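Chains as they are written, first to last, in the numbering used here: chain H, 1 to 404; chain A, 405 to 808.
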């Protein structure tokens, strides 16, 4: 049940401030039977103290057994039903390089590839060319490829063999099949429309590919491009439109900055170390914003690397900064994750994520530790991630009564 | 929310094995304030130990306060939304005698009845004739009743005064009213179409009833048939189609075998004693199957009989075999029920059912007993029964990530 549609109707613009700290992938599973999860092993006196003074629980971010990607994970925490608001791969790629998408844009992922004289693919990643080569080739294409159609194209470096293609113009469509056949020994597929209205777009894309190929003829490795994940950019309703929240994002990685921008949050300059995030939060904390999203990536990346002790260490570093948050004294302070990333699994997982909600109106439960097992006994129970926004709005006294 | 539609999109055919033990109606309520539930009273060291090493919780099989029938109870555990996939009474009856339904069949329940010379019903159950008489009369009808239509009919013994009628042919409909008026002193009702498209079927059914009545004229007690629960058989999508699971069913009772067959599981020969089920599981455990459903009926039937100590004893017998399961070492081992059947109530009930999920990727919680109260404190929380399949698929590493 998507209660956010009700929140939209009940919300008022006045109310307290909400800070949400997202420790990306913070949830884990025990390393072994006698060693606990990353959060259980970490020495986190400040988070434990905060849990003791908060309402605690577990969030099932997308649904039972479902492992969230980063996009759905964050949309859910922001009160956007991740089953309804799905971000495609092309749009995600554009977000990842902070490309300014406009409504109606058609973005796609690009791989540089190697083809032989017969045009068969011999390497789908062009020998993983380095970033410098990538930039040089991208520049070469931008300078030399002109299209006969009344459209604008963008071609941007990502890294290694990857780039971003965006088509901008009237009446475009993202209903195009990948040109990457996913195997070597075959020719790249033509740009194929999957619906009638995409036929025009397919012609433009094919011309772009043909001309890029001409320009790349003299390249040794990256002499072809493969496109996939075609998408159509339809802006999401903003956090302000939906919940009357003026939001600001404090995050380092483009992907999370991109999702925040997608829903109309302002972005602060990229903080590189953990302390900087808290400093940035303190500096921006004012009447200008109602909703402060602070993102920490390293919990997830150390989990993905299978680095259990590294993840523990990052959690402990974040813990040291928690007292600074307390001093800001927001009406609502939430600490949680967008999904679990157990170091044992080296990947995102479906396990529910601990959450604490600190507020003058939140009932303190018996939970006095911030971890999966302790929070499972909290008064917030086990909930859907997308319902967290309702609690945040309620505890910041931003929701009117439902019915008389 | 029916997440199973998401599971269908995320599922992959590779992954670990899943064993689910269904102790039919295992949940109970306390016999009195100082005596616990059947599970609390039972001495079940092996189940308790397993609970200690598992994630535990409670399943609300259909929904809050809803007492599940056996069909919805099992469909829910298999990940089929019981509100969407409803099995009609006619189809259930057919399953109960392991009748091989085909798409488009119209099954109905039959009661033999007694009518007087004026055709008024004097006994709706024909004095509960014995099984032998039933079989004789069924045979008599099959030999002597021919229909003028281009259809095939089946008429099968169930037991006592009950039988099964199935009509097979083109363009049939199950939209027919019962011919059983539910009271004595009245005449059986004519076969009445409830929709226009059922009119043809109503004529055929009426001819069958008329001719059966002629054939039964010389019977003392069972001289009439009453039909009810007309149904139309539309096959369900299989467990493989939905979740890429190759399933096998180890169950004694036709009803549970029937539901399993309905969703494409293979059936093993009927095991009569508890040990035989475990033996059958050990024998069939191989790369041929991914999903092993083992069913125990006696927990439910002793509950239905109000036999508290009998139910305790059955639970204890099952407990003794649990170590055999552990040796198979499946990636996911689930023990639960399809509903509660408290001996105190002598019937199915709505009380949530304890569940344990044992897996290398499952977080052990503090629960160290397998019963209603203990499991209510587990990390799985209180969940809808139909979401269990999502956890089973996730823990057997069969679900891809949702979104990027």
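For glycine and all other residues, C-beta sits at the position ideal for the given N, C-alpha and C. None of the values given here were measured: they were computed from a predicted structure.
Exercise. For the beta strand (DSSP E) containing residue 511 of chain A, list its first residue and its last residue.
Key: Unbroken beta strand (DSSP E) run through residue 511 of chain A: 510-519.
Quiz item: For the alpha helix (DSSP H) that contains residue 651 of chain A, what are its first and last residues?
Solution: Taken as a continuous stretch (DSSP letters only), residue 651 of chain A belongs to no alpha helix (DSSP H), being part of the beta strand (DSSP E) at 651-654.
Self-check item: CB contact flag (residue 114 of chain H, residue 191 of chain H, <9 Å)
Solution: Result no, Cβ atoms of residue 114 of chain H and residue 191 of chain H do not sit closer than 9 Å.
Practice problem: Figure out for me which residue from A:609, A:407, A:410, A:422 has the closest Cα to the Cα of residue 689 of chain A. | Solution: Per the Cα distances, A:422.
Quiz prompt | Under 7 Å (Cβ pairs) to chain H, residues found in the region 785-799 of chain A | solution = Cβ proximity to chain H below 7 Å picks out 785, 787, 791, 794, 795, 797, 798 from the region 785-799 of chain A.
Quiz prompt | Beta-carbon proximity list for residue 611 of chain A, same chain, < 8 Å, skipping 5 on both sides | solution = Cβ-Cβ distances below 8 Å link residue 611 of chain A to 551, 552, 553 in the same chain, with the five nearest sequence neighbours on each side left out; the list follows chain order.
Quiz item: Does the Cβ-Cβ distance between residue 668 of chain A and residue 464 of chain A come in under 9 Å?
Solution: Cβ atoms of residue 668 of chain A and residue 464 of chain A: not closer than 9 Å.
Exercise. Quick one: give me the first and last residue of the alpha helix (DSSP H) that residue 342 of chain H is part of.
Key: That residue, residue 342 of chain H, is in no alpha helix (DSSP H); it is neither H nor E in DSSP.
Exercise. Under 8 Å by Cβ, that's how I've got residue 26 of chain H and residue 39 of chain H pegged, so tell me the actual separation to the nearest angstrom.
Key: Their Cβ separation, rounded to whole angstroms, is 7 Å, which keeps residue 26 of chain H and residue 39 of chain H in contact under 8 Å.
Quiz item: Looking only at C-alpha atoms, which of A:455, A:432, A:454, A:647 sits nearest to residue 445 of chain A?
Solution: Ranking A:455, A:432, A:454, A:647 by Cα distance to residue 445 of chain A puts A:432 first.
Practice problem: Taking C-beta pairs closer than 8 Å, name the residues in chain A that residue 372 of chain H reaches, listed in chain order. | Solution: Within chain A, the residues 767, 783 have their CB atoms less than 8 Å from the CB of residue 372 of chain H, given in chain order.
Quiz item: Is it the case that the CB of residue 170 of chain H approaches a heavy atom of the ligand HEM more closely than 8 Å?
Solution: Among the ligands in the structure shown, none appear at all, so the ligand HEM cannot be discussed.
Practice problem: Return the chain-ordered list of same chain residues with a C-beta closer than 6 Å to the C-beta of residue 564 of chain A, the five sequence neighbours on each side being excluded. | Solution: Excluding sequence positions up to five before and after residue 564 of chain A, its CB lies within less than 6 Å of the CB of 532, all in the same chain and listed in chain order.
Self-check item: Burial state of residue 546 of chain A (16 or more Cβ within 10 Å)
Solution: Under this definition residue 546 of chain A is an exposed residue.
Self-check item: Where residue 643 of chain A sits in the DSSP three-state scheme
Solution: Under the three-state reduction of DSSP, residue 643 of chain A is assigned to helix.
Practice problem: Sort out for me which residues DSSP pairs residue 150 of chain H with in a bridge. | Solution: DSSP, once it has assigned bridges, lists no residue as partnering residue 150 of chain H.
Practice problem: Would you grab the beta carbon distance between residue 475 of chain A and residue 496 of chain A for me? Rounded to a whole angstrom, and I think it's under 8 Å. | Solution: Confirmed, about 6 Å.
Quiz prompt | Exposed unless 16 or more other CB atoms sit within 10 angstroms - verdict on residue 416 of chain A | solution = Result: exposed.
Exercise. Would you kindly work out how many angstroms separate the C-alpha atoms of residue 633 of chain A and residue 401 of chain H, rounded to a whole number?
Key: Rounded to whole angstroms, residue 633 of chain A and residue 401 of chain H show a C-alpha spacing of 47 Å.
Quiz item: Measuring CA to CA, which of H:318, H:303, H:242, H:288 is closest to residue 276 of chain H?
Solution: Considering only alpha carbons, the answer is H:318.
Exercise. Entirely within the region 693-737 of chain A and at least 3 residues each: give me those beta strand (DSSP E) ranges in chain order.
Key: If only complete runs of 3 or more residues are kept, the region 693-737 of chain A shows the beta strand (DSSP E) at 695-700, in order along the chain.
Quiz prompt | Inter-residue Cα distance where the pair is residue 471 of chain A and residue 619 of chain A | solution = Using only the alpha carbons, I get a separation of about 41 Å.
Practice problem: Starting from residue 813 of chain A, follow its DSSP beta bridges and name the residues at the other end. | Solution: This structure gives no information on residue 813 of chain A, because the portion of chain A shown stretches from 405 to 808.
Quiz item: beta strand (DSSP E) containing residue 785 of chain A: first to last residue?
Solution: Unbroken beta strand (DSSP E) run through residue 785 of chain A: 785-788.
Quiz item: Among A:536, A:491, A:459, A:456, which has the Cα closest to the Cα of residue 641 of chain A?
Solution: Closest in C-alpha terms to residue 641 of chain A, from the list A:536, A:491, A:459, A:456, comes A:491.
Quiz item: residue 537 of chain A by DSSP, collapsed to three states: which one?
Solution: It is helical.
Quiz prompt | Beta-carbon proximity of residue 62 of chain H to residue 82 of chain H, cut-off 9 Å | solution = Cβ distance < 9 Å, so residue 62 of chain H and residue 82 of chain H count as in contact.
Exercise. Can you give me, in chain order, the residues of the region 64-82 of chain H that have a beta carbon less than 9 Å from any beta carbon in chain A?
Key: Cβ contacts with chain A: 64, 65, 66, 67, 68, 69, 70, 71, 72, 73, 75, 82.
Self-check item: For residue 32 of chain H, the residue or residues it bridges with in DSSP
Solution: DSSP output for residue 32 of chain H lists H:35 as bridge partner(s).
Quiz item: Is any beta-carbon of chain A found at less than 9 Å from that of residue 295 of chain H?
Solution: It does not: the Cβ of residue 295 of chain H has no partner Cβ on chain A nearer than 9 Å.
Quiz prompt | Which listed residue (A:479, A:420, A:638) has its alpha carbon closest to that of residue 577 of chain A | solution = Closest option to residue 577 of chain A, Cα to Cα, is A:638.
Quiz item: Is it true that the CB of residue 584 of chain A sits closer than 9 Å to the CB of residue 493 of chain A?
Solution: Going by C-beta atoms, residue 493 of chain A is not nearer than 9 Å to residue 584 of chain A.
Practice problem: Would you kindly work out how many angstroms separate the C-alpha atoms of residue 473 of chain A and residue 645 of chain A, rounded to a whole number? | Solution: Going from the Cα of residue 473 of chain A to the Cα of residue 645 of chain A covers about 25 Å.
Quiz item: Does any CB atom of chain A fall closer than 9 Å to the CB of residue 228 of chain H?
Solution: So, not an interface residue.
Exercise. Using the Cα positions of residue 511 of chain A and residue 657 of chain A, report the straight-line distance between them to the nearest angstrom.
Key: One C-alpha to the other measures close to 20 Å.
Quiz item: To the nearest whole angstrom, what separates the beta carbons of residue 389 of chain H and residue 243 of chain H, a pair I think is in contact under 8 Å?
Solution: Indeed they touch by this definition, with Cβ atoms about 7 Å apart.
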